[in-house]
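Engineer: For the sequence shown, the numbering used here gives the first residue as 20, with consecutive numbering after it.
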Amino acid sequence: MLASFCPVISTSRLGASRDFYASLFGFKVTHETEWHADLVRPGLPPQELTLVDPSHPAVRGVRPSPMRTVRMTLEADVEEGELRRSLTRLGWDERLAFRFSDPESNDLIVVDPNGVRIHVVASA
């Protein structure tokens, strides 16, 4: 049985990415250095995310450039209006958050500072 799962995003925009996930999705920084940040969202089970700068010597050669072809699905207990207001407070371009084509859907796609598409699904 899987006890935990921690996606890792390779990013040259560490600070902007950290702020994005903290502000929009409630992640807290548990450990941070100049080249990586470990984030957790409290709860049971806790949700984890790690951000890594690919230019740092500790990771160089493992993946030489940031990965941009990632799509994550997050279930959130926040409505679309609140998510859009949070994006605005971050100075985020409204064009980077858009609804699915289904007008009945509560789902939203948000793009993080690295181009990672995040499919946000409203909690049932």
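All C-beta atoms, glycine included, are put in the ideal place defined by N, C-alpha and C.
Quick one: complete alpha helix (DSSP H) runs, 4+ long, within the segment 32-82?
Structural biologist: Whole alpha helix (DSSP H) segments, 4+ residues: 33-44.
Engineer: Hey, could you find the ends of the beta strand (DSSP E) leucine 109 is sitting in?
Structural biologist: That residue, leucine 109, is in no beta strand (DSSP E); it is neither H nor E in DSSP.
Engineer: On the three-state DSSP scale, how would you describe glutamate 101?
Structural biologist: If DSSP states are grouped into helix, strand and coil, glutamate 101 belongs with the helices.
Engineer: Per the contact definition of three or more C-beta pairs closer than 8 Å, is the segment 49-67 in contact with the segment 97-107?
Structural biologist: Contact fails: fewer than three Cβ-Cβ distances are below 8 Å.
Engineer: Using the Cα positions of glycine 110 and alanine 22, report the straight-line distance between them to the nearest angstrom.
Structural biologist: The straight-line gap from Cα to Cα measures roughly 36 Å.
Engineer: Go through its chain and collect everything with a Cβ distance to serine 120's Cβ below 7 Å, but skip five positions before and after it.
Structural biologist: Bear in mind that a pLDDT of 47 at serine 120, under 50, signals an unreliable position, so the number given afterwards is only what the model happens to contain. The answer is none, since no qualifying residue turns up.
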